[in-house]
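Have a look at the structure below, then the notes.
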Amino acid sequence: MTERDFTVRPLEREDREWVAHFMDEHWGTTQIVSRGQAHYGHLLPGFVAEREDNGETEVVGLLTYRLENNECEITTLNSLDENKGVGTGLVDTLIEEVKANGKIRRIWLITTNDNMAALKFWQKREFVLVAVHRDAILESRKIKPQIPIIGQDSIPIRDEIELEFPL
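In structure tokens:
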């Protein structure tokens, strides 16, 4: 394994404004919808991956999550430097944190049926498919109408796919 050229740290209260701008830029909104619930991503806990470059700190990734009922839902994951271990570093940091907590019984996430890259990414990191929520996006669009009809590779976005990391 190669040495990482970035560091991962927990989000702090002072980060909320730039996280909101980041989410607006990369997600089109700070509102994240999963399983029929809306969450404001910039208010959630998370981790940021940063790289030092000529004395400047550059954000190269962001992961947000929420805790409820001894479960941890990964709500967003962005890597701005693909195939360099940024996403994996963020996910590994969360898994370590959850295991250290000792009270969390499940880490899970939702992606959509069109997101083949996400399905590939998560399964390579030992997340397993646990459910397909057919036509769930119809309900999500009632909360967040900006969700497109057609997604990646011209695939209609219809279903939520639930993945889980076995603890």
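This note's numbering runs 1 ahead of the 1-based position in the sequence shown. Glycine residues also receive a C-beta, built at the ideal position from the N, C-alpha and C atoms. These figures come from a predicted structure and were not determined experimentally.
Simplified DSSP state of residue i, which is helix, strand or coil
i	result
Asp25	helix
Thr89	helix
Thr31	coil
Arg107	strand
Opening and closing residue of the beta strand (DSSP E) in which residue i lies
i	result
Glu161	Glu161 to Phe166
Gln38	Gln38 to Tyr41
Per DSSP, the bridge partner or partners of residue i
i	result
Ser80	Gly62
Pro11	Phe48
Asp16	Paired residues: none, contrary to the question.
Leu68	Cys73
Glu57	Asp54
Thr112	Ile162
Buried or exposed by the 16-neighbour rule on C-beta atoms within 10 Å, applied to residue i
i	result
Leu45	buried
Met117	exposed
Ser155	exposed
Thr58	exposed
Gly56	exposed
Gly88	buried
Ala101	exposed
Practice item. Mind listing, in chain order, the continuous beta strand (DSSP E) runs of no fewer than 3 residues lying wholly within the segment 122-148? Key: 129-134
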